[in-house]
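These protein sequence lines map, in sequence, to chains A and B. Mapping of the first sequence onto the numbering used here: residues 2 to 111, in sequence order. Mapping of the second sequence onto the numbering used here: residues 873 to 1302, in sequence order. Following: one structure in structure tokens, then a few remarks.
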Amino acid sequence: NGGVPCAVCTLLTGLVGQLAEIHNETVADSMARFCSYLPASYQTPCAALVKTYGPTIIDLYEDHETADMICLAIGICNTSSGTRCHAFPEPADAEERANRALKIAATKSF
Amino acid sequence: IKPCDIPEMKPICDLVNRFGNEHVPIDDLDQDMFSQINTFRGADWRGKDCNEFDAAIHPGRNPGPSSGGNNDLIVDTNCNGIYGSEGSTTYEEKFCGDSGQLGIILLGDSVGAHFRIPPEYLNALQVTSSTYKNLDKILPDEFDWPMHSFSTGHRNATGTEDPGTVDSLYLRLVARNRCNHRDFQNVGVNGARSGDMVNFVKQSVARNPKKDYPAIVVASFVGNDVCNGHPGTDHMTTAAEFRANIIAGLDALNMTLAPGSHVLLNGLANGSVLYEYMHALIHPIGEWKQNVNYADVYTYLNCLGISPCEGWMTTNATLRDLTTQRAVLLSSVLQELASNVTITSRYSNVFDMYYLGTTIEDIIEEWIQEGNNVADLIEPVDGFHPRLGGEAMMAALIWDELTQYAPQMIGKVNPNNDAIISKFGDQGGY
């Protein structure tokens, strides 16, 4: 279902979303905040990740998606075993949201 | 595009992929398997090299004439900080000559290496501009903190590290005999199981039976033979496989260690208590909204197939019981090997063996007696490994056990310790 990269994506995406709420800022700003907190040698890779996945993450957070759904939508997580894994509580319409996320994953080019 | 396909991510992905190799220092000019750089399996993991241009100079070396040395008349060839002479006698002879020097070598897993992801990394309420500043030291050490481990811990935990006092078998060996300074090696590898032992000895242990001092080897594969990311018991090591793995490792040690060495066999941990104490508590990633507990995290990791131990980190009580049963069975194999006369006599010219009876239950009991919460014994992010306090308590209890039941394994108290400190101070530190 995506293994370690999926877990890293979900935890970091969830963290960025929480930072945005705590600091009352946009997800774009919290991603920039997160990257700036890293040691210098990790800031360039972080910026590259933001450049690649950031716009989609921002869009999906604006649609109130969870970190689990976002990582599914950007294709780092998947449902290869037929099960949808989630670290955070699922919304009531999780099935519908997951289907939409998988459609995005199938069409989006990062 | 996968994250590792992004060109800027390549150095980080390459770094992580390198972790699986031979577990020896990457920065090692003279190729003696000791380094002056802390990370990348360097001086955080094994005593700091005091000469990077001469492979004959490294921690653990016997500097006497029997191994071609002059007892460190001018140069400190075993990096213990003792060299020079007083009249016609070298300080190495005077202070260490008959003291029975002994190094310590850990062969094991993430508990032996002290795996730890700082909880503030995942707790948004605690993230500040300084939270991740140590990432460039932590990642090259594979998220392990061997310098704080029960076996080879040697540096104080300060700053953003897990607070507490470091205690270790190494520190106690040095306190007993200052001549042992810097003679430690930590070959602890995340995810290692008994089948890795033989390769660890052959590829990663730096010991020459003719030129180096004897050592205490702690074989400490405490979890991964029953722990993995698979449901059920099919991927657990059987008793027969486990026995063969350990014997292969002991055979390799027989070729590697100097006579007079000792091997401690550490039983498997009983992780069944983890679920009981942790499952209902909030995980750091859920602190902000109080909405993710450890049971949720266990289920999530199991779903992804990446749980460090599905057998114990599961809501399935039957599987937890089966895992405990297998762990007890494998521990009994170690116990049998340590007391089997045929086996022990095979190695008796080089080393003797002792089965460590200290268990996680002993540690928990002691922890509670000291007025602590059991949850504070467990690493908050993984909900699985012992924290610094647990590692230190493990060292203390094992040391007490050795003092009581196997005092011959820890060597003599060196009466020259104070004189060594007076003459050589911190002996070059770490």
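Here a beta-carbon is modelled for each residue, glycine too, at the ideal position from N, C-alpha and C.
{"Check": "Run the CB neighbour count on residue 1066 of chain B, radius 10 Å, all protein chains shown included, and call it buried at 16 or more, exposed below.", "Outcome": "buried"}
{"Check": "My output table needs one value for residue 1277 of chain B: the three-state DSSP class, helix, strand or coil.", "Outcome": "helix"}
{"Check": "Which residues of the segment 1148-1160 of chain B have a Cβ closer than 7 Å to any Cβ of chain A? Give them in chain order.", "Outcome": "1157, 1160"}
{"Check": "Within its chain, find whatever has a CB closer than 7 Å to the CB of residue 1018 of chain B; leave out the 5 residues flanking it on each side and keep chain order.", "Outcome": "916, 917, 985, 986, 1024, 1058, 1060"}
{"Check": "Thinking just about the alpha-carbon of each residue, which of B/1070, B/1166, B/1029 is nearest to the one in residue 1260 of chain B?", "Outcome": "B/1029"}
{"Check": "Closest to residue 1125 of chain B by C-alpha separation, out of B/1170, B/1002, B/1112, B/1219, would be which residue?", "Outcome": "B/1219"}
{"Check": "Can you pull the chain B residues whose beta carbon is under 9 Å from the beta carbon of residue 43 of chain A, in chain order?", "Outcome": "884, 1004, 1007, 1008, 1011"}
{"Check": "Does the separation of the CB atoms of residue 1064 of chain B and residue 980 of chain B fall below 8 Å?", "Outcome": "yes"}
{"Check": "Which residues in the same chain have their Cβ closer than 6 Å to the Cβ of residue 73 of chain A, if we skip the five residues on either side of it in sequence?", "Outcome": "102"}
{"Check": "Near residue 882 of chain B, which residues of its chain fall below 8 Å by C-beta distance, leaving aside the five closest residues on each side in sequence?", "Outcome": "876"}
{"Check": "By DSSP, does residue 1172 of chain B sit in helix, in strand, or in coil?", "Outcome": "helix"}
{"Check": "Considering only the alpha carbon of each residue, which of B/948, B/994, B/976 lies closest to residue 846 of chain B?", "Outcome": "In the structure as shown, chain B begins at 873 and stops at 1302. Residue 846 of chain B is therefore absent and cannot be evaluated."}
{"Check": "With distances taken between CB atoms, is the gap from residue 58 of chain A to residue 9 of chain A smaller than 8 Å?", "Outcome": "no"}
{"Check": "Using a Cβ cut-off of 8 Å (strictly closer), state whether residue 1177 of chain B contacts chain A.", "Outcome": "yes"}
{"Check": "Going by beta-carbon coordinates alone, are residue 145 of chain A and residue 970 of chain B separated by less than 8 Å?", "Outcome": "Any property of residue 145 of chain A remains undetermined from this structure, which presents chain A solely from 2 to 111."}
{"Check": "What residue range is occupied by the uninterrupted beta strand (DSSP E) comprising residue 1225 of chain B?", "Outcome": "1223-1228"}
{"Check": "Apart from the five residues on each side of it in sequence, which residues of its chain come closer than 6 Å, Cβ to Cβ, to residue 98 of chain A?", "Outcome": "70"}
{"Check": "Would you kindly check if the distance between the Cβ of residue 955 of chain B and the Cβ of residue 964 of chain B is under 8 Å?", "Outcome": "yes"}
{"Check": "What residue does the beta strand (DSSP E) around residue 1056 of chain B start on, and which one ends it?", "Outcome": "1056-1060"}
{"Check": "Measure the C-alpha to C-alpha separation of residue 53 of chain A and residue 884 of chain B and round it to an integer number of angstroms.", "Outcome": "16 Å"}
{"Check": "Measuring CB atoms only, is the segment 927-934 of chain B touching the segment 946-961 of chain B, in the sense that at least three cross pairs come out at less than 8 Å?", "Outcome": "yes"}
{"Check": "Helix, strand or coil: which one does DSSP assign to residue 1285 of chain B?", "Outcome": "coil"}
{"Check": "Under the assumption that residue 927 of chain B contacts residue 886 of chain B (Cβ atoms under 8 Å), give the Cβ distance between them as a whole number of angstroms.", "Outcome": "No, residue 927 of chain B and residue 886 of chain B are not in contact; Cβ-Cβ is about 27 Å, not under 8 Å."}
{"Check": "Measuring straight from C-alpha to C-alpha, what distance separates residue 938 of chain B and residue 5 of chain A?", "Outcome": "51 Å"}
{"Check": "Please confirm if residue 1302 of chain B has its CB atom under 8 Å from at least one CB of chain A.", "Outcome": "no"}
{"Check": "Using only the alpha-carbon positions, how far apart do residue 68 of chain A and residue 1299 of chain B sit?", "Outcome": "51 Å"}
{"Check": "Would you give the residue range spanned by the beta strand (DSSP E) that residue 1088 of chain B belongs to?", "Outcome": "1087-1092"}
{"Check": "Tell me the rounded alpha-carbon separation between residue 1015 of chain B and residue 911 of chain B.", "Outcome": "11 Å"}
{"Check": "Could you tell me which uninterrupted beta strand (DSSP E) segments, each at least 3 residues in length, are contained entirely in the segment 1129-1158 of chain B, listed from first to last along the chain?", "Outcome": "1133-1138"}
{"Check": "Taking residue 1164 of chain B as the reference, which of A/38, A/87, A/60 has the closest Cα?", "Outcome": "A/87"}
{"Check": "Within 8 Å (strictly less), CB to CB, does residue 1163 of chain B reach chain A?", "Outcome": "yes"}
{"Check": "Three-state secondary structure (DSSP) at residue 906 of chain B?", "Outcome": "coil"}
{"Check": "Which residue or residues does DSSP assign as beta-bridge partners of residue 1084 of chain B?", "Outcome": "B/933"}
{"Check": "Determine whether the Cβ of residue 905 of chain B lies closer than 8 Å to any Cβ atom of chain A.", "Outcome": "no"}
{"Check": "Quick one: residues in its chain with C-beta nearer than 7 Å to the C-beta of residue 1313 of chain B, no 5 flanking neighbours on either side, listed in chain order?", "Outcome": "Within the shown structure, residues of chain B are numbered from 873 to 1302, placing residue 1313 of chain B beyond reach of any answer."}
{"Check": "By the 10 Å Cβ neighbour count, where 16 or more other Cβ atoms means buried, how is residue 19 of chain A classified, buried or exposed?", "Outcome": "buried"}
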